[in-house]
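Let me begin by presenting the structure, written as structure tokens, before commenting on it.
Residue numbers (our numbering): 17 to 111.
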């Protein structure tokens, strides 16, 4: 049985630049940005979660529950990242 490795995780929100068309920003995030992220040292996992530009919720609006995301607070996606913990092993070898 292998031992679990310590990792550090982060899930930052992603906002596309306002001066670029959404399609251009999405293509960059899917392509060149993802390739750069994949080459970072100690990267264990990199995922992109692209959000819809029009559908910003899973629940219908309600007068008693805050279910609407204000337009100024909407983000274009999330990008969960998991990397080897600082000071921990960067690779795993088996005999």
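Where a beta carbon is used, it is the ideal one built from N, C-alpha and C, also for glycine.
If we ignore side chains and look at the alpha-carbon of each, how far apart do residue i and residue j end up?
| i | j | result |
| --- | --- | --- |
| residue 41 | residue 99 | 25 Å |
| residue 56 | residue 45 | 15 Å |
| residue 77 | residue 48 | 37 Å |
| residue 80 | residue 33 | 33 Å |
Quick one, are the C-beta atoms of residue i and residue j less than 8 Å apart?
| i | j | result |
| --- | --- | --- |
| residue 59 | residue 53 | yes |
| residue 30 | residue 94 | yes |
| residue 43 | residue 69 | no |
| residue 96 | residue 25 | yes |
| residue 67 | residue 92 | yes |
| residue 102 | residue 23 | no |
Short of 6 Å in beta carbon distance, which residues of its chain neighbour residue i, apart from the five on each side in sequence? Order them along the chain.
| i | result |
| --- | --- |
| residue 64 | 95 |
| residue 61 | 98 |
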